[in-house]
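Colleague: Taking our numbering, I'd label the letters of the sequence shown as residues 11 to 452.
We put the CB at the ideal spot given by N, CA and C, even for glycine.
To start, I am sharing the structure in question, which I have written as structure tokens.
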Amino acid sequence: MFAGIYYGGMYGGSTTSILLNTPGESSSMITALEGNRMARRGRAAQALATAAIGSFVAGTIATALLVVAAPAVVSFAIAFGPEDYFALAILAFTAVSSVLSRSVVRGLASLGLGLVIGLVGIDQQTGQARLTLGIPQLLDGIDVVIVAVGLFALGEAMYVASRLRHSAPEVVPVGRAWMGRSDWRRSWGPWLRGTALGFPFGALPGGGAEIPTFLSYAAEKRISGGEEFGKGAIEGVAGPEAANNASAAGTLVPLLTLGLPTSATAAILLAAFQQYGLQPGPQLFDHNPALVWGMIASLFIGNTMLLVLNLPLAPLWAKVLRIPRPYLYAGIVLFAALGVYALNGSLVDLWVLFLLGLLGFAMRRFGLPVAPAVIGMILGPMAEIQLRRALAIGAGDVSVLVKSPIAVTLLALAALALLAPLFRKLWARRGGEGVTTASQEE
Numbered sequence: 011m012f013a014g015i016y017y018g019g020m021y022g023g024s025t026t027s028i029l030l031n032t033p034g035e036s037s038s039m040i041t042a043l044e045g046n047r048m049a050r051r052g053r054a055a056q057a058l059a060t061a062a063i064g065s066f067v068a069g070t071i072a073t074a075l076l077v078v079a080a081p082a083v084v085s086f087a088i089a090f091g092p093e094d095y096f097a098l099a100i101l102a103f104t105a106v107s108s109v110l111s112r113s114v115v116r117g118l119a120s121l122g123l124g125l126v127i128g129l130v131g132i133d134q135q136t137g138q139a140r141l142t143l144g145i146p147q148l149l150d151g152i153d154v155v156i157v158a159v160g161l162f163a164l165g166e167a168m169y170v171a172s173r174l175r176h177s178a179p180e181v182v183p184v185g186r187a188w189m190g191r192s193d194w195r196r197s198w199g200p201w202l203r204g205t206a207l208g209f210p211f212g213a214l215p216g217g218g219a220e221i222p223t224f225l226s227y228a229a230e231k232r233i234s235g236g237e238e239f240g241k242g243a244i245e246g247v248a249g250p251e252a253a254n255n256a257s258a259a260g261t262l263v264p265l266l267t268l269g270l271p272t273s274a275t276a277a278i279l280l281a282a283f284q285q286y287g288l289q290p291g292p293q294l295f296d297h298n299p300a301l302v303w304g305m306i307a308s309l310f311i312g313n314t315m316l317l318v319l320n321l322p323l324a325p326l327w328a329k330v331l332r333i334p335r336p337y338l339y340a341g342i343v344l345f346a347a348l349g350v351y352a353l354n355g356s357l358v359d360l361w362v363l364f365l366l367g368l369l370g371f372a373m374r375r376f377g378l379p380v381a382p383a384v385i386g387m388i389l390g391p392m393a394e395i396q397l398r399r400a401l402a403i404g405a406g407d408v409s410v411l412v413k414s415p416i417a418v419t420l421l422a423l424a425a426l427a428l429l430a431p432l433f434r435k436l437w438a439r440r441g442g443e444g445v446t447t448a449s450q451e452e
């Protein structure tokens with residue numbers, strides 16, 4: 011039952027991301043970038059279908075890999091040190107900041123805002139309160155759900171409301187009900203690449219689904235050329251959703267083989283095992299094979315049920331877009347406020363939601379991408395902790411950050427991601443000058 015709920019929760023966030031631009035969880039934020047734009051172009055059913063099929067394909071492959079490749083993935087995860095995790099966070103920061111924005115500077119500015127939001131709360135090593143303004147409710151930090159809903163959903167609603175009087179009402183077409191041949195051809199590659207990214211990252215302690223979904227989006231934009239990205243590219247939905255569900259199975263690898271939970275959800279699964287007197291680890295497969303294989307079978311069944319339940323309903327969910335936009339966005343604001351209040355029953359959370367909504371509105375108004383800010387808020391605390399650990403191990407020697415081959419490789423990729431847009435502009439400018447010179451000679 012826990013396994014089925016786990017997989018269902020991983021997929022469910024994509025529906026609201028695509029239709030309402032409201033991520034149900036942090037791992038669905040990237041899906042909203044292209045999925046919601048597909049919905050506005052009358053391709054909501056196609057976006058929902060590729061998300062459902064991609065989740066099924068990735069979940070099935072990852073569950074099979076859970077049985078076959080568990081020992082190799084565990085050894086890969088154990089090899090990661092603090093400096094490697096810090097380099098991985100830097101790669102995620104630079105890749106997403108350069109890919110999700112037309113300007114690297116604007117992407118980094120948005121990232122900086124997210125890093126500042128991530129600082130709110132108590133410093134886990136010194137115990138000092140940071141940026142709490144004397145408000146006790148902020149000592150635990152700002153919940154990622156509040157940040158995602160505020161910047162994405164509430165910010166979008168405010169921005170749309172500000173433009174309703176100055177523009178004609180937007181009529182969102184529902185479009186065709188199913189994926190066409192071109193959609194299938196464009197989705198298979200991202201599904202498989204997303205699976206390859208999501209499964210090993212899910213096994214990393216603290217890796218989660220956020221990093222592989224971000225990197226999958228960046229990879230698909232590079233591979234496809236990026237012409238349609240930002241306008242509703244189906245690759246931007248297929249790849250991240252596959253990475254999202256593959257990471258769910260990857261999380262179970264260290265849990266079942268080492269008894270090591272690598273996420274909050276995995277910790278809940280571990281507690282469920284322990285309630286029945288079971289301790290996940292190397293002996294679990296030998297002492298309780300029926301339970302382990304039953305759980306793995308439930309993952310296959312849960313995957314199939316997700317496909318059976320969601321694929322036929324995709325055209326029906328797409329009809330939500332026929333609701334007039336003022337009523338639709340009023341409903342989004344209402345349910346966003348109810349959901350945030352239900353987290354802790356705190357009015358402070360509602361004020362924080364409103365302020366983040368204003369920030370999201372301002373970012374849209376001045377052309378700053380929203381996703382890097384949320385990424386900075388999620389991964390910033392992890393990067394800070396791992397940086398401190400690495401420096402503590404190296405007795406303050408900064409060179410410890412580049413002593414690991416894994417860290418060096420990741421930092422090199424980060425530098426490449428940061429400099430690639432600059433090189434691309436220089437290359438395009440040189441090509442344009444060459445064409446101008448040739449035309450003048452003629």
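#1: Roughly how many angstroms separate the alpha carbons of Arg-375 and Ala-89, rounded to a whole number?
#2: Answer yes or no: does any C-beta atom of chain C fall closer than 8 Å to that of Ser-414?
#3: Out of Glu-394, Trp-437 and Pro-33, which has the shortest C-alpha to C-alpha gap to Leu-98?
#4: By the three-class DSSP mapping on this structure, what secondary structure does Ala-213 have?
#5: Should the segment 122 to 133 be called in touch with the segment 415 to 430, which here means at least 3 C-beta pairs below 8 Å?
#6: Measure how close the beta-carbons of Pro-210 and Gly-260 come, nearest whole angstrom, since I'm counting them as under 8 Å.
#7: If you drop the 5 nearest sequence neighbours on each side, which residues of the same chain put their C-beta closer than 6 Å to that of Ile-416?
#8: Find the nearest neighbour of Leu-76 within the set Asp-150, Arg-191, Thr-205 and Gly-128, judged by alpha-carbon distance.
#9: How big is the Cα-Cα spacing for Leu-326 and Ser-197?
#10: Beta-carbon separation of Leu-294 and Leu-280 under 8 Å?
#11: Can you tell me whether Ile-132 is helix, strand or coil according to DSSP?
#12: Pull up the distance between the alpha-carbon of Asn-254 and that of Leu-161, whole angstroms please.
#13: Within this structure, are the beta carbons of Leu-118 and Ala-381 separated by less than 8 Å?
#14: Output the boundary residues of the alpha helix (DSSP H) element that contains Ser-356.
#15: Buried or exposed: Lys-413, going by 16 or more other Cβ atoms within 10 Å of its Cβ?
#16: Quick test of the definition: if touching needs 3 or more C-beta pairs under 8 Å, does the segment 26 to 35 touch the segment 43 to 59?
#17: Please report how far the alpha carbon of Arg-286 lies from the alpha carbon of Met-189, in whole angstroms.
#18: Once DSSP output is grouped into helix, strand and coil, what is the label at Arg-50?
#19: Mind checking Thr-419: buried by the 16 CB within 10 Å criterion, or exposed?
#20: Could you pull out every residue in the same chain whose Cβ sits closer than 7 Å to the Cβ of Ala-430, ignoring the five residues on either side in sequence?
#21: Which class does Phe-310 belong to by DSSP, given the choice of helix, strand or coil?
#22: Assign Ala-139 to one of three DSSP states: helix, strand, or coil.
#23: Taking only three categories from DSSP, how would you classify Ile-416?
#24: Would a C-beta distance cut-off of 8 Å place Gly-69 and Asn-320 closer than the cut-off?
Modeller: To lay it out plainly:
#1: 44 Å
#2: Absent here is chain C; the protein component of the structure consists of one chain.
#3: Glu-394
#4: coil
#5: no
#6: 6 Å
#7: Asp-94
#8: Thr-205
#9: 22 Å
#10: no
#11: strand
#12: 21 Å
#13: no
#14: That residue, Ser-356, is in no alpha helix (DSSP H); it is neither H nor E in DSSP.
#15: exposed
#16: yes
#17: The sequence shown places Tyr at residue 286, rather than the Arg named in the question. Near 44 Å, if we compare the C-alpha coordinates of Met-189 and Tyr-286.
#18: helix
#19: exposed
#20: Ser-108
#21: helix
#22: strand
#23: helix
#24: no
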